[in-house]
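**Q** This is the structure, below, for whatever I ask next.
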Amino acid sequence: MSMWRSISWWFTLIVLLGAGLWPIASGSATGREDMFLILMLVTLASSLNILLGYTGYVNFGHIVFFGLGGYIGFYLMHRQGWSLGPAMIAGGLATAALALVLGTIILRLRGAYFALATIGINEAVRAFVANFEPFGGATGMSLNFAVYQAYGGAAQALWIAYGVLLAVTLLTVGISFAVKHSKFGLGLMAIREDEDAALVLGVRGPRAKTLAYALSALFPGMVGVLFFFKNGNIEPGDAFRLHLSIETLVMVMLGGQGTVWGPILGAALYERLRGYLLTSPLFKSLHLAFAGMLLLLIILFVPAGVIGWLRARFPAIRRVIP
Amino acid sequence: MVSPGVWIASLIDGLLLGFVYGLAAMGLTLIWGVMRVINLAHGPIIALGMFGVYLLFAYGGVHPYLGLFAVALLGLLVGILIYAIAVHRVLTAPHLSTLLATFSINMMIIGTGTALFTTTPRNIDISLGRLVLGPVVLLGTRLLAALAAVLIAAGLYVFLYRTTLGKMVRAVASNRAAAELMGIPSARVLAFSFGLGTMLAAVAGGLIATFFPFTILSGGAYELKSFVICVLGGLGNPTGALLGGLILGALEGLIPIVLPVSWVPVIEFLLFVLLLLLRPQGLLGER
Amino acid sequence: MMRWMKMSGILVILAMLAACAAPTPPAPTATPAGPAQPAAQPSPTPAASPTPAVKKIVLGFTASQTGKLTKESKEQVQGLQLWLEDLQRAGGIRLPDGTVIQVELKFYDDESTKERVQQLYVKLINEDKADFLISPYSSGLADAAAVIAEQYGKIMITTGAASDSTYEKGYQHIFQIYTPASRYLTGAIDFLKKLDPNARRIAIVYENEKFSTDVVNAAKPYAESQGFEVVLFEGYETGTTDFGPFINKIMAARPDAIIGGGHFQDGSTLAKQLFEKKVPVKMIALLVAPAVPEFAQLGDAAVGVIGPSQWEPGARYSPDSAKAAGLPWYGPTVDQFVSAYKAKYGYEPGYHAAGGYAAGLVLQKAIEEAGSIETEKVKAALEKMDLMTFYGRIKFDTGKAHGKQIGHEMVYLQWQKDASGNLIRPIIWPEAAQAAKPIYPLSR
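Protein chains in written order, with numbering that gives the first Met the number 0: chain A, 0 to 321; chain B, 0 to 286; chain C, 0 to 443.
Written as structure tokens, this is what we have:
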């Protein structure tokens with residue numbers, strides 16, 4: 000793979016690694032908490048971008064993989080005594096497998112019909128999990144505090160979860176980069192531009208789409224396990240929050256869909272902006288309304304997002320910012 | 000075993016609500032039918048309708064059913080405004096743009112509404128008595144709401160098929176370019192149609208507010224129900240929406256008799272996804 | 000025109016990005032807590048000739064200033080702030096060695112979500128160097144905060160959080176002020192048994208979430224052990240507004256009593272719709288909602304509904320009752336608390352406010368007893384604590400469910416109409432605290 004010879008990939012890797020290692024180097028637990036949230040959102044947004052940005056399918060139910068992966072991993076840790084690593088991989092693989100099956104069925108729908116179906120799936124799964132006793136039903140599951148002892152105490156466990164998350168984030172962005180610069184990715188983008196024409200030109204549409212869907216489902220599943228491990232408990236309402244799904248879409252739009260850097264920047268900006276609006280005395284009570292206004296301005300005037308706009312305006316930076 | 004009285008009572012309870020659900024969904028489906036936009040501000044508009052009736056009643060002393068007329072007018076104006084600000088520019092852009100544009104309106108309404116009204120639940124305290132027929136207890140407010148929903152649906156039908164403006168709406172829906180060639184000011188007709196859709200949502204909200212408590216966030220649940228109903232009745236088909244509402248209402252009434260209530264949403268949304276896959280044109284077909 | 004709009008749009012966006020990119024305040028920055036600041040201006044203590052050593056401690060917590068829990072959280076914070084004011088007026092906490100401890104409150108908005116709670120408690124502990132913690136409002140958020148507090152070995156007093164499950168995870172530093180959920184409705188069952196030996200059938204309907212489930216999971220076996228038959232045991236979704244089909248099902252089960260509920264919105268709606276449908280039961284006891292003053296808005300539908308409460312302004316705890324129970328008394332009397340709260344905020348406190356005040360009071364007492372602000376010594380003092388306050392008795396479990404409240408008792412109130420037709424809510428159970436004759440059975 001020529002990825003390792005690309006300037007833009009090295010640039011991406013170094014920036015992410017630098018930002019991600021900073022809390023570890025400085026030992027700042029607060030920095031770690033802030034970065035945990037940002038890295039989690041970067042992973043969610045980047046994985047969503049594989050289906051949304053590259054393939055052009057609007058997925059409103061991305062969070063279903065986060066929740067379900069979290070539940071499966073949590074179940075394995077809580078009820079079966081698995082440790083974090085295997086549980087995380089199991090959670091991710093399970094959601095990817097589910098997407099593989101689900102994808103062959105629902106990716107036949109196009110446009111708004113697909114978007115609606117993804118909402119329906121998220122709600123159906125949430126309602127089902129709330130009734131599913133092995134997963135603790137409506138009240139969910141909680142880890143016993145003693146579980147953290149196996150990781151050298153609770154404080155240590157948090158650092159471990161963070162380190163693993165950083166690795167998952169790098170992997171997600173790496174895959175996102177690789178897909179974009181591969182023949183597979185070109186096929187996806189052909190589907191985005193004109194699905195019927197792509198089929199005529201020999202893109203194996205259904206297979207490519209389903210694969211993209213499964214790939215975009217793998218990472219939220221893993222992140223879900225990490226998040227709820229750190230959280231200590233899991234409940235249907237927190238795991239399948241439709242609102243978070245839509246916020247992730249906003250992040251991708253904000254940064255620029257279909258680019259590698261768009262979701263990264265979008266997620267970081269969105270999280271920072273929210274934090275700023277929430278604490279600024281001026282916008283505090285109106286933060287949601289203000290965020291909405293910002294979103295509208297972007298859609299109306301900068302539909303390509305920040306990165307897309309920059310890349311169109313200054314073609315020179317395309318070499319560095321993928 | 001459960002007596003037949005319980006079945007009948009639950010079915011009637013469900014159907015009465017179903018009319019109102021159907022009315023709300025009609026607003027969503029009309030907008031989709033005319034301009035292929037899924038209005039993600041649908042829920043907050045329903046909530047605004049609730050608050051409109053509530054504020055007029057609590058601070059202006061306007062009777063809730065009179066207040067509905069004012070809410071209808073406001074709903075129309077708000078819809079036209081939303082169309083002009085957020086929708087018109089992105090109408091021809093990919094679906095994601097209109098979805099997010101209307102969602103941004105959603106965020107603005109929820110954000111401002113939360114700041115203004117907090118999330119303390121509100122109640123409109125009116126009672127129109129009750130009618131007891133054997134095991135069935137009918138509440139006046141719900142009967143009237145169902146009746147109002149039927150009348151409005153009928154009014155919409157007459158409007159779309161019997162008036163010039165209504166025919167223009169249908170013309171733009173079926174082919175905007177051709178309608179424009181025939182001298183129909185399509186942009187204005189689209190704005191009006193969007194307003195009509197939000198009006199229906201707001202009125203439905205106002206009706207719901209006469210018997211259920213609500214907050215500014217309450218619209219979300221009805222928005223999800225509206226999606227299900229639209230797909231049941233066929234996206235873009237207003238009469239189908241009313242039928243879809245009745246089906247959903249009946250399901251909500253009857254399922255709890257045989258299963259724990261918490262299974263209702265599981266069945267609803269599974270049905271929703273299955274219908275999208277197997278019969279995306281809805282039970283009645285499109286339009 | 001178009002061009003101009005485009006440019007201005009871009010400018011606005013850039014300005015916003017610049018605004019938030021600039022010094023990047025770690026997501027939520029400090030919101031200077033209104034009345035919580037005066038710790039900086041130590042109230043001069045008149046006597047004390049050799050100036051005592053003054054130490055400052057930070058008491059950290061999050062408040063739900065936005066999101067779905069704003070109302071209850073506000074009351075709780077107000078109670079806590081009133082405690083701080085009283086403390087400052089008294090000159091701070093005096094330790095036996097003469098040191099005076101000044102307390103500063105530090106809090107952020109958690110938006111009623113768990114992600115924020117965890118992020119902010121880490122910040123409170125690490126950046127604001129909080130010495131002790133108070134929980135956010137609600138079982139769910141307190142549970143999320145407890146994980147962090149325990150991970151960093153900080154003492155957290157939980158209030159506004161009744162769920163039992165938090166204390167069954169092996170935590171050592173979390174101490175509960177509220178009577179746990181498992182004892183919320185057992186009194187209502189005792190009440191029913193005492194008043195009507197013929198009542199047999201109970202329907203338990205509840206909101207499907209942590210707190211309510213903890214309550215009914217304990218109430219069901221208790222009811223059965225008292226000889227009742229649970230004819231319906233079913234949860235409904237959070238946010239349910241239409242109980243119509245559910246009520247038909249309840250009627251088909253022909254219960255003598257209905258107990259359960261969840262929070263304010265669903266509980267008051269359920270009560271209203273039970274009334275509208277004239278469901279023929281003899282007793283209705285619901286969680287949370289009847290204890291909230293706004294329940295009165297239901298009018299006639301409220302009459303007769305029973306609710307458990309952590310505390311009521313009419314509570315009869317006093318230095319005398321403490322003496323009778325052989326317990327030490329600590330802090331203000333019920334009257335002092337109620338009138339101070341009324342004077343400051345203009346209305347009567349509910350139990351959320353009382354819980355907030357009590358959380359501060361318990362911590363204050365523990366520091367006094369420990370004679371130190373070291374975590375381990377204060378923890379030992381809390382474990383030993385057994386006393387009576389305006390809020391009732393306080394004693395913590397030190398066994399398997401470490402930190403769980405085992406001293407405090409619930410009271411049960413019932414909405415009634417007084418002679419002039421106004422809605423009131425006197426305490427009707429336990430019998431010793433009864434302020435009015437209970438309405439039984441309901442006349443519907």
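All residues carry an ideal CB built from backbone N, CA and C; glycine is no exception.
1) What three-state label does DSSP hand Leu282/C in the structure shown?
2) The alpha helix (DSSP H) that contains Leu29/B, what's its start and end?
3) Mind reading off the beta-carbon distance from His94/B to Ala196/A? Whole number of angstroms is fine, and I expect it under 8 angstroms.
4) Which first and last residues belong to the alpha helix (DSSP H) in which Glu375/C is found?
5) Write down every uninterrupted run of the alpha helix (DSSP H) in the stretch 174-215 of chain C whose length is 4 residues or greater and which is fully enclosed by it, in chain order.
6) What first and last residue would you give for the alpha helix (DSSP H) that runs through Leu75/A?
7) With the cut-off set at 8 angstroms, would you say Gly313/C and Val287/C are in Cβ contact?
8) Mapping the DSSP letters down to three states, classify Gln87/C as helix, strand or coil.
9) Using only alpha-carbon positions, find the residue among Val257/B, Ile104/B and Ile11/B that is nearest to Ile79/B.
10) Taking the alpha-carbon of Pro196/C as reference, which of Ser211/C, Phe227/C, Ser181/C and Tyr221/C has the nearest alpha-carbon?
11) Cβ of Val146/C less than 8 angstroms from any chain A Cβ?
12) Beta-carbon separation of Gly194/B and Val230/B under 8 angstroms?
13) Are the C-beta atoms of Pro24/C and some chain A residue less than 8 angstroms apart?
14) Closer than 7 angstroms by beta-carbon distance: list the chain C residues that pair up with Phe144/A, in chain order.
15) When burial is assigned at 16 or more other CB atoms within 10 Å of the CB, is Gln335/C buried or exposed?
16) Decide if the stretch 249-256 of chain C is in contact with the stretch 276-283 of chain C; the criterion is three or more beta carbon pairs, one per stretch, under 8 angstroms apart.
17) Which residues in the same chain as Val100/A place their Cβ atom closer than 8 angstroms to its Cβ, once the five residues preceding and following it in sequence are excluded?
18) Within a Cβ cutoff of 8 angstroms, which residues of the same chain sit near Pro314/A, ignoring the five residues on either side of it in sequence?
19) Can the beta-carbon of Ile173/C be found closer than 8 angstroms to that of Ala148/C?
20) Could you confirm whether any beta carbon from chain B is found closer than 8 angstroms to the beta carbon of Asn58/A?
21) Which residue from Glu375/C, Ala187/C and Pro440/C puts its Cα closest to that of Ile154/C?
22) Identify the continuous beta strand (DSSP E) that holds Asp108/C and give its terminal residues.
23) Just list the residues that DSSP pairs Gln415/C with in beta bridges.
24) For a contact meaning CB atoms closer than 8 angstroms, what does Ser419/C contact in chain A?
25) Cβ closer than 9 angstroms: which chain A residues qualify as neighbours of Ala100/B?
26) My guess is that Gly13/B and Ala249/B are in contact by the Cβ rule of under 8 angstroms, so how many angstroms apart are they, rounded?
27) Which residues of the stretch 116-128 of chain B have a Cβ closer than 9 angstroms to any Cβ of chain C? Give them in chain order.
28) Give the secondary structure of Leu250/B by DSSP, where H, G and I count as helix, E and B as strand, and everything else as coil.
29) Using a C-beta to C-beta distance shorter than 7 angstroms, which residues of chain B count as neighbours of Ile245/A?
30) Flag Gly196/B as yes if its beta-carbon sits less than 8 angstroms from any beta-carbon of chain A, otherwise no.
31) Let me know the secondary structure DSSP gives Ala256/C once reduced to three states.
32) What residue does the beta strand (DSSP E) around Phe158/B start on, and which one ends it?
33) What's the gap between the Cα of Ala212/C and the Cα of Thr138/A?
34) Since Lys271/C is in the alpha helix (DSSP H), which residue starts that stretch and which ends it?
35) When you compare the stretch 51-64 of chain C with the stretch 109-124 of chain C, are there three or more beta-carbon pairs, one atom per stretch, that lie closer than 8 angstroms?
36) Quick one, which residues of the stretch 76-96 of chain B are near chain A if we go by CB-CB under 9 angstroms, in chain order?
**A** With the given structure in hand:
1) The amino acid at residue 282/C is misidentified as Leu; the sequence shows Met. Note: Met282/C maps to strand in three-state DSSP.
2) Pro3 to Met34
3) Under the criterion of beta carbons closer than 8 angstroms, His94/B and Ala196/A do not qualify as touching, at roughly 18 angstroms.
4) Thr374 to Lys383
5) If we require 4 residues or more, the alpha helix (DSSP H) runs fully inside the stretch 174-215 of chain C come out as 185-194.
6) Ile62 to Gln79
7) no
8) helix
9) Ile104/B
10) Among Ser211/C, Phe227/C, Ser181/C and Tyr221/C, the Cα nearest to that of Pro196/C is on Phe227/C.
11) yes
12) no
13) Low confidence applies to Pro24/C: its pLDDT is 38, below 50, so where it sits in the model is not reliable, and the reading given next is rough at best. By this cut-off, Pro24/C is an interface position.
14) In chain order: Glu149, Lys168, Gly169 and Tyr170.
15) exposed
16) yes
17) None.
18) none
19) Yes. Within cutoff.
20) no
21) Glu375/C
22) Val99 to Asp108
23) Ile423/C
24) In chain order: nothing, as chain A lies at least about 40 angstroms away.
25) Leu294, Leu295, Ile298 and Leu299
26) Ala249/B and Gly13/B do touch by the CB rule: their CB atoms are close to 5 angstroms apart, below 8 angstroms.
27) Thr117, Thr118, Thr119, Pro120, Asn122, Asp124 and Ser126
28) helix
29) Phe102
30) No, its Cβ sits nowhere closer than 8 angstroms to a Cβ of chain A.
31) Strand, per DSSP.
32) Segment Gly139 to Arg161 is the alpha helix (DSSP H) holding Phe158/B; no beta strand (DSSP E) there.
33) Residue identity differs from the one stated: residue 212/C is Thr in this sequence, not Ala. Looking at the two C-alpha atoms, the distance is approximately 7 angstroms.
34) Run containing Lys271/C: Phe263 to Glu275, per the alpha helix (DSSP H) assignment.
35) yes
36) Ile84, Ala85, Arg88, Val89, Ala92, Pro93, His94, Leu95 and Ser96
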